[in-house]
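Shown next, in structure tokens, is the structure this report addresses.
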Amino acid sequence: MKRPNESELLYVEIPEELDAAILRGVQNGKRIMNHKKYVQRTVAGAAAVFAIFVGSINASPALAANLEDVAVLGSLVRVFRWNTPEAEGGQTDVTAKAAVSFQSGADSEQLTLTFDAANAAAYKASLAHFPETVTLTLPSTQEVGVLEEVNQARENSRFIKSVYVLGRADGASQVQIEFDVTADVAVEEYKDPGSIVVRLKEGEFVGQNVYSLRTLSMDQDALTKMQKDFPDARILRDDGESWLLEIGQYDSEQAAQDALKAQSAQDSLIVETRFGNNVPAHYESMEAFQDAKLETEYSQLLNQSMTIDPILDFLDKHMAQASDSVKDTLLRGLTGFIRDDASKYDLDALNRYYQMAGQDIHQALAA
Numbered sequence: 056m057k058r059p060n061e062s063e064l065l066y067v068e069i070p071e072e073l074d075a076a077i078l079r080g081v082q083n084g085k086r087i088m089n090h091k092k093y094v095q096r097t098v099a100g101a102a103a104v105f106a107i108f109v110g111s112i113n114a115s116p117a118l119a120a121n122l123e124d125v126a127v128l129g130s131l132v133r134v135f136r137w138n139t140p141e142a143e144g145g146q147t148d149v150t151a152k153a154a155v156s157f158q159s160g161a162d163s164e165q166l167t168l169t170f171d172a173a174n175a176a177a178y179k180a181s182l183a184h185f186p187e188t189v190t191l192t193l194p195s196t197q198e199v200g201v202l203e204e205v206n207q208a209r210e211n212s213r214f215i216k217s218v219y220v221l222g223r224a225d226g227a228s229q230v231q232i233e234f235d236v237t238a239d240v241a242v243e244e245y246k247d248p249g250s251i252v253v254r255l256k257e258g259e260f261v262g263q264n265v266y267s268l269r270t271l272s273m274d275q276d277a278l279t280k281m282q283k284d285f286p287d288a289r290i291l292r293d294d295g296e297s298w299l300l301e302i303g304q305y306d307s308e309q310a311a312q313d314a315l316k317a318q319s320a321q322d323s324l325i326v327e328t329r330f331g332n333n334v335p336a337h338y339e340s341m342e343a344f345q346d347a348k349l350e351t352e353y354s355q356l357l358n359q360s361m362t363i364d365p366i367l368d369f370l371d372k373h374m375a376q377a378s379d380s381v382k383d384t385l386l387r388g389l390t391g392f393i394r395d396d397a398s399k400y401d402l403d404a405l406n407r408y409y410q411m412a413g414q415d416i417h418q419a420l421a422a
């Protein structure tokens, strides 16, 4: 996925005189279009507005680069580059309610929050990866309506997977949008009326492992308490719809483990390996996490092993201490490995592993 270079300009402010000229031209064009006899004048007026805008773009290469995908120009206040990590703007004194509209095109989609005011309310849009999310921070009065309307848009979106409220703080609320696929995101701010546009288009899939230093899964109340210890952590929802805090992401497991060792609250933190846009897994306890980690390691071993010896070494090391559910998983893996050529193995010797779980190898093979 493309990410902005810190040395690049992340957003462009639209000059007042340019914005006003474009707005006047659009308004004039609308009035003229009401009279068919003035069609030619409409074309000339639109061309004049376009000439003004093109002249301003030629004078500002940065503006030209950033307005590449802008569809509505008349009330544009600022536009942020694609995948800017954080877009912030609006007016702090605006408390008007926002209505949400959704549009879908052949290759892109857009969410528009239109306020009942001349300017957009104060906002912040934060983009994060693995999994792909956009977090909208808005005045707390916007929370319920925005959540409901974006949820309706989700039903028609090929990008939006889920929408949920993260919580409130300092008079603001946070609505997080989770994407089903890798998405490129751009944010634009408009005035007259005030609005925020979130543009989406399919991004480049990044097929890599990410090593996440995170908390165990928890409910909303526990999350609120845990945030006091990790105020800068990213809030995520897992595949069981519980909550967690992500302290950081790393390119290697060793780097993540080193970061874990530097934390004082190590007993409540784990290092989870995730691939691509996969959401975090649900781990309600350290035991559940260790069980899942053991099962993953065993699955990889089964896929890689050409002989039974590495599998038996693994069972000798872990079988006795494993939970009942993990023992069952380990034995099903062993059964699958030997089933097609069971006659070549000493089944009575292997049966000792099954007896640890109160099972019998012959019954397992016959099932």
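Remember, my numbering sits 55 above the position in the sequence shown when you count from 1. All residues carry an ideal CB built from backbone N, CA and C; glycine is no exception. Nothing here was measured: the structure is a model prediction, and the numbers come from that model.
Judged by DSSP secondary structure, Pro186 falls outside any alpha helix (DSSP H); it is assigned neither H nor E.
Contact between Gly222 and Ala175 is absent: CB atoms are separated by about 22 angstroms, not below the 8 angstroms threshold. Here the alpha carbons of Val252 and Ser156 stand approximately 10 angstroms from one another. The three-state secondary structure of Ala277, taken from DSSP, is helix. DSSP, read as helix, strand or coil, puts Ile416 in helix. The residue among Gln376, Pro335, Ala177, Tyr178 with its C-alpha nearest the C-alpha of Gln304 is Pro335. Ranked by Cα distance from Tyr178, the first of Asn138, Ala161, Ser212, Ser228 is Ser228. Straight-line spacing of the CA atoms in Val240 and Leu166 works out to 11 angstroms. Here the C-alpha atom of Glu244 lies approximately 9 angstroms from the C-alpha atom of Phe135. By the criterion of a C-beta distance shorter than 8 angstroms, Val201 is surrounded in its chain by Ala153, Val155, Leu168, Leu191, Leu193, Val230, once the five residues flanking it on both sides are discounted.
In the pairwise beta carbon analysis, the stretch 358-373 is classified as not touching the stretch 317-329: fewer than three pairs are separated by under 8 angstroms.
Looking at the backbone, the Cα of Ala142 and that of Ala180 are separated by about 5 angstroms. Annotated three-state conformation of Phe369 is helix, per DSSP. If you check the CB distance, Ser272 and Asp294 do not come in under 7 angstroms. In this chain, Gly258 is not harboured by any alpha helix (DSSP H), its DSSP state being neither H nor E.
Collapsing the DSSP output to three states places Tyr178 in a strand.
For Phe214, same chain residues with a beta-carbon under 8 angstroms away, outside a window of 5 residues either side, are Glu164, Phe234, Asp235, Val236, Ala238, Leu255, Glu257 in chain order. By the C-beta density criterion, Glu187 is buried, having at least 16 other C-beta atoms within 10 angstroms. Cβ contact annotation for Gly262 (same chain, cutoff 6 angstroms, sequence separation greater than five): Gly331, in chain order. Within the same chain, Leu268, Gln321, Leu324, Val326 come within 7 angstroms of Leu315 by CB-CB distance, once the 5 residues on both sides are set aside.
Counting every other CB atom within 10 Å of its CB across the protein chains shown gives Ala422 a total below 16, marking it as exposed. For Tyr353 and Ala347, the gap between their C-alpha atoms comes out near 10 angstroms. Our two residues, Pro286 and Asp313, have alpha carbons roughly 21 angstroms apart in a direct line.
Just measuring C-alpha positions, the residue of Ala419, Ala173, Asn264 sitting nearest Gln309 is Asn264.
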